Amino acid sequence: MELASWTKRAGRLFRLLTETSNKYVLVQSYSPLVHYNCSQHLRLFLCSVFSPLCTEQVVGPVPPCRSLCEQVRDDCLPVVETFNFPWPTLLNCSRFPDALEGAWLCMGLPTEDKETTFLAPTWAPVQCPTNFARALVPSGDSVTCSPRCGRDAYYRHEDKVFAQQWMTGCAWLCFLSTLFSLLTFCVEPQRYPERPVVFLALSYNLLSLGYIARGALGAEALSCVVPLDGGLSYVAVDGLESGACTLIFLALYYFSTASSAWWCVLAACWFLSAAKKWSCESLHAVDHYFHLAAWLGPAVLGVAALGLHHVTGDELTGLCHVAEDSALPYLVVPQGALLLLGGVFATLAGSALVQVRYAMRMTGRSAEKLERLMTRLGVFAVLYVLPAAGSLACLLYEAWHRPRWRSLALLAALDCGIEPGCIPGPSYHSAGLEVALLRLFLSLVVGVTSGNVGMVRKTSGDTHAFSLRKRQHELDPPATAETLVALASKSYQRMSPLSNIGLVLTAKSWLPYVMRTARGHSPSDYR
Numbered sequence: 001m002e003l004a005s006w007t008k009r010a011g012r013l014f015r016l017l018t019e020t021s022n023k024y025v026l027v028q029s030y031s032p033l034v035h036y037n038c039s040q041h042l043r044l045f046l047c048s049v050f051s052p053l054c055t056e057q058v059v060g061p062v063p064p065c066r067s068l069c070e071q072v073r074d075d076c077l078p079v080v081e082t083f084n085f086p087w088p089t090l091l092n093c094s095r096f097p098d099a100l101e102g103a104w105l106c107m108g109l110p111t112e113d114k115e116t117t118f119l120a121p122t123w124a125p126v127q128c129p130t131n132f133a134r135a136l137v138p139s140g141d142s143v144t145c146s147p148r149c150g151r152d153a154y155y156r157h158e159d160k161v162f163a164q165q166w167m168t169g170c171a172w173l174c175f176l177s178t179l180f181s182l183l184t185f186c187v188e189p190q191r192y193p194e195r196p197v198v199f200l201a202l203s204y205n206l207l208s209l210g211y212i213a214r215g216a217l218g219a220e221a222l223s224c225v226v227p228l229d230g231g232l233s234y235v236a237v238d239g240l241e242s243g244a245c246t247l248i249f250l251a252l253y254y255f256s257t258a259s260s261a262w263w264c265v266l267a268a269c270w271f272l273s274a275a276k277k278w279s280c281e282s283l284h285a286v287d288h289y290f291h292l293a294a295w296l297g298p299a300v301l302g303v304a305a306l307g308l309h310h311v312t313g314d315e316l317t318g319l320c321h322v323a324e325d326s327a328l329p330y331l332v333v334p335q336g337a338l339l340l341l342g343g344v345f346a347t348l349a350g351s352a353l354v355q356v357r358y359a360m361r362m363t364g365r366s367a368e369k370l371e372r373l374m375t376r377l378g379v380f381a382v383l384y385v386l387p388a389a390g391s392l393a394c395l396l397y398e399a400w401h402r403p404r405w406r407s408l409a410l411l412a413a414l415d416c417g418i419e420p421g422c423i424p425g426p427s428y429h430s431a432g433l434e435v436a437l438l439r440l441f442l443s444l445v446v447g448v449t450s451g452n453v454g455m456v457r458k459t460s461g462d463t464h465a466f467s468l469r470k471r472q473h474e475l476d477p478p479a480t481a482e483t484l485v486a487l488a489s490k491s492y493q494r495m496s497p498l499s500n501i502g503l504v505l506t507a508k509s510w511l512p513y514v515m516r517t518a519r520g521h522s523p524s525d526y527r
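Shown next, in the form of structure tokens:
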């Protein structure tokens, strides 16, 4: 009996120690909320939940009243939602007794507060952790914690240095590639359907200049804000806080979205030329609609994002961009829709070329040159679509995960500030780093590929020969499909292996005639 009694007491002691240890861990998980001081009754509530009052006059522990729980929940719920966390199930107010029913003794609000009208306290932090600074949120009625400039809050210093070098290197590669492409297309800037390639390359050229400017000026010159009261400088939480932040955001967002629009226009021109047999003159007659859609649409979206305070700074890149919670309407939806629509147009254009090849084979004509044309069109489409789709996938992934990563990092920093001897630092330094670098690479490599496929070896003799062919086309158009494809192939042979989009320069202007001739039209039909 003594052994059984001793074993029973030992078991109770073990369970008590285990429960005490578990409760300590649970209480520690709520320490950032205590540090935030979101409610003046939070400490009382947590103590009554995890260490309830025990007295000889009452059988069992005394839990908190439901009114106390509801008051703390109303005060602290905005803080919890800021970190993208739900209200803890363990603190569900329906679990606690109602003091008005009187069926169970519970701990309610302090007596002096019963007749006091409660004003919900501001749930902004009274003190930000190390490496963070207080910043006024765009709404202007609360304060949040933003990374301090020159400090390591979410990312390590070496991560930010590598990101800058990576971003600047990709930007220079994109800039030089698109610059060469622009100089090449200056030889004949007025022709369709290849003309949208010029504006596509121009958009990426100016986009890369924004990243190059970031590397030259530094992060603090673009994304940092110095408070008027002389406080600590911090990464902008609103794009309108800094003129430099506003300008860099408009430049990057505008030309990024415009490049997607010009891809869609280019694919539409392919479709109209191949499937609908539009001539260069017909496409040129409606080019003002192309410019209106491609240049005005991104401007409207960019101004709307700024005006609605959906722009914020980024500690990793030192740039200003659309906030993660607004990435869907301003980035994913417009760029994804343009990419998809352009892919549909390109697919229909390729289908039309397949029909032309079938008609040529049915008549016993060689379609080898036309197949090369189709291959090069397909290569260009793939080189654009795959990186652009990958960049959108990275955007979605970051928009979904990065707010939680940052919330965990901020909570870890707050918890570090409470514990003695804790060394502050970016506990979640790798959160999203690889994805962000991949997104930067994919967004700029599209410009590299679209620039490279436009590179054409144009010496003075090549340019002169090209002009002669153009005049010959105006005076004496070819009479057969074989002649047209042969003339187009001669210009293709002068292109570098990377000149996939250069195939458009001559062959696309003859494509309507190829299709008409293949379908049995006489040369006089288009004279």
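The sequence shown begins at 1 in the UniProt record's numbering and counts up by one. Here a beta-carbon is modelled for each residue, glycine too, at the ideal position from N, C-alpha and C. Note that the structure is predicted; figures quoted are calculated from it, not measured.
Please confirm if the segment 209–221 is in contact with the segment 262–277, defined as three or more CB-CB distances below 8 Å between the two stretches. no
heavy atom of the ligand FMN below 6 Å from Ser242 C-beta: No copy of the ligand FMN appears in this structure; indeed no ligand is present at all.
Can Ala201 and Ser181 be called in contact, C-beta distance under 7 Å? yes
In this structure, how does DSSP classify Pro129 when only helix, strand and coil are distinguished? coil
Closest by C-alpha distance to Pro63, when choosing among Leu46, Gln71, Pro78, Leu136: Leu46
Which residue from Glu371, Ala436, Asn92, Arg134 puts its Cα closest to that of Pro227? Arg134
Measure the alpha-carbon distance for Asn92 versus Ala409 and round it to whole angstroms. 26 Å
For the segment 263–290, which segments carrying the alpha helix (DSSP H) assignment without a break, of at least 4 residues, lie completely within its bounds, in sequence order? 280–285
Runs of 4 residues minimum, wholly inside the segment 204–272: which ones carry the alpha helix (DSSP H) assignment? 219–223
First through last residue of the beta strand (DSSP E) which encompasses Pro86: Per DSSP, Pro86 belongs to no beta strand (DSSP E) and is neither H nor E.
Among all the DSSP beta bridges, which residues are the ones paired with Pro64? Met107
For Leu68, tell me which candidate among Pro403, Cys54, Leu100 has the shortest Cα-Cα distance. Leu100
Since Ser407 sits in a beta bridge, which residues does DSSP pair it with? Looking at the DSSP assignment, Ser407 forms no beta bridge with any residue, so it has no partner.
Suppose the cutoff is 6 Å on Cβ atoms and the five residues either side in sequence are ignored; what does the same chain contact list for Cys264 look like? Leu338, Leu341, Gly342
What alpha helix (DSSP H) runs, 4 residues minimum, are completely inside the segment 309–362? 333–362
Residue range of the beta strand (DSSP E) that includes Val143: 143–147
Helix, strand or coil at Leu179 [DSSP, three-state]: helix
Apply the 10 Å Cβ neighbour rule to Val161 and answer buried if 16 or more other Cβ atoms are within range, or exposed otherwise. exposed
Per-residue DSSP class, three states only, for Leu100: coil
Of the choices Gly230, Ser142, Asp152, Ala393, whose alpha-carbon is the least far from that of Pro129? Asp152
Proximity below 7 Å, CB of Val235 to CB of Ser146: yes
Report all residues from its chain with a CB closer than 6 Å to the CB of Val72; omit the five preceding and five following residues, and keep chain order. Ser39, His41, Leu42, Phe45
Would Arg357 pass as a contact of Ala349 if the rule is Cβ separation under 7 Å? no
For Ser260 and residue 553, believed in contact at Cβ under 8 Å, the rounded distance: Any question about residue 553 goes unanswered here, given that the chain covers just 1 to 527.
Enumerate in chain order the residues of its own chain whose CB-to-CB distance from Ile248 is below 8 Å, with the five nearest sequence positions on each side excluded. Gly210, Ala213, Arg214, Leu222, Ser223, Leu319, Cys320
For the alpha helix (DSSP H) that contains Phe95, what are its first and last residues? Correcting the residue type first, residue 95 is Arg in the shown sequence and not Phe. Per DSSP, Arg95 belongs to no alpha helix (DSSP H) and is neither H nor E.
Given this structure, state the Cα-to-Cα distance separating Thr168 from Phe96, to the nearest angstrom. 57 Å
Could you check what DSSP says for Ala399 in three-state terms: helix, strand or coil? helix
Helix, strand or coil for Ala367 per DSSP? coil
How would you write the range of the alpha helix (DSSP H) that Cys47 sits in, first residue to last? 42–50
Name the DSSP beta bridge partners of Ala135, please? Thr144
Pick out whichever of Asp75, Gly239, Trp295, Leu90 has its Cα sitting closest to the Cα of Phe50. Leu90
Just to confirm, is the Cβ distance from Asp238 to His309 under 7 Å? yes
Nearest by alpha-carbon distance to Pro196: which of Leu266, Ser242, Val143 is it? Leu266
Can you name, in chain order, every residue of its own chain whose Cβ lies under 6 Å from the Cβ of Leu505, other than the five neighbours on each side? In this predicted model, Leu505 has a pLDDT of only 36, less than 50, meaning its place in the structure is not dependable; the value taken from the coordinates is given anyway. So the list reads Glu194, once near-sequence residues are dropped.
Counting only the same chain and skipping the five closest in sequence on each side, list residues whose C-beta sits under 7 Å from that of Tyr254. Pro298, Ala299, Gly302
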